[in-house]
Amino acid sequence: MTTVVLTVDCRATQFSEGGPAWPRPRHGGDILVGTAKHPWVSNIRKGVPLEVSFGGSRLTADAEVLADEESVVRLSEAIARDNKQWAKFNGMGFDADGNPNRADAYQSWQQGTVILRLTVP
11 MTTVVLTVDC RATQFSEGGP AWPRPRHGGD ILVGTAKHPW VSNIRKGVPL EVSFGGSRLT
71 ADAEVLADEE SVVRLSEAIA RDNKQWAKFN GMGFDADGNP NRADAYQSWQ QGTVILRLTV
131 P
């Protein structure tokens, strides 16, 4: 099992593969992580690099926490398209064409979901 480790301000937070916060494929050049706004999320600041490991060597990444409605709803939909397990965990359904339900993404934002946008060079 692959474990993703983010080291933020000397604190380590681990996500297990298949878990609700597992990073999804790149969106543009970024990796998206959808998670609840846990206390450790406050330690992530734009412009302050953090270390990330995807089961191999540690890489330096720039990170940004997106908590505004428009970003969280839009990017939650992107994550849900690629990760049905994450969508299910966050109560997001899909329409007949397989698109994530926008109202469910909005509700997820209302319940505290934030998006971490990681840029790994």
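Under the numbering used here, the first residue of the sequence shown is numbered 11, with each subsequent residue one higher. The C-beta atom is built at its ideal place from N, Cα and C for all residues, glycine as well.
DSSP places residue 67 in no beta strand (DSSP E); its state is neither H nor E. Collapsing the DSSP output to three states places residue 51 in a helix.
Inclusion of residue 96 and residue 88 in the CB contact set at 8 Å is not warranted, their separation being larger than that value. DSSP lists 127 as the bridge partner or partners of residue 74.
Distance from the CA atom of residue 81 to the CA atom of residue 130, rounded to whole angstroms, is 20 Å. Annotation for residue 40: the continuous beta strand (DSSP E) segment containing it runs 40–46. Shown here for residue 69: same chain residues with a beta carbon closer than 6 Å to its own, the five before and five after excluded, namely 62 and 130 in chain order.
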